[in-house]
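Student: Numbering (the UniProt record's numbering), first residue to last: 1 to 68. Let me give you the structure first, and then I'll get to my questions.
What follows is the structure, given as structure tokens:
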């Protein structure tokens, strides 16, 4: 079983680590936060401020396989 709370907290911490303003997350439900991760990460890819850590890449792939 997937723990949405864990996923949401991990997304929040990852966004903070990569410099994403997380204020918008409070207005979204869990599904939109998780599915919206794809768009936020695409924006980060365009800006390429820094590379993802290996554990973040694994997490992203797992979430995409479950939700996107």
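Glycine residues also receive a C-beta, built at the ideal position from the N, C-alpha and C atoms. From a predicted model like this one, the values you see are computed outputs, not experimental measurements.
1) Helix, strand or coil: how does DSSP classify residue 53 here?
2) Could you give the uninterrupted runs of the beta strand (DSSP E) lying entirely in the stretch 15–64, keeping only those of 3 residues or more?
3) If we call anything under 8 Å between Cβ atoms a contact, is residue 50 one with residue 18?
4) At a cut of 8 Å, does the stretch 48–63 reach the stretch 4–14 through at least three beta carbon pairs?
5) Among residues of its own chain, excluding the 5 on either side of residue 10, which ones have a beta-carbon nearer than 8 Å to its beta-carbon?
Tutor: Short version:
1) coil
2) If we require 3 residues or more, the stretch 15–64 turns out to have no beta strand (DSSP E) run fully inside it.
3) In contact: residue 50 and residue 18 (Cβ atoms closer than 8 Å).
4) Remark: three or more beta-carbon pairs, one from each stretch, lie closer than 8 Å, so the stretch 48–63 and the stretch 4–14 are flagged as touching.
5) 59
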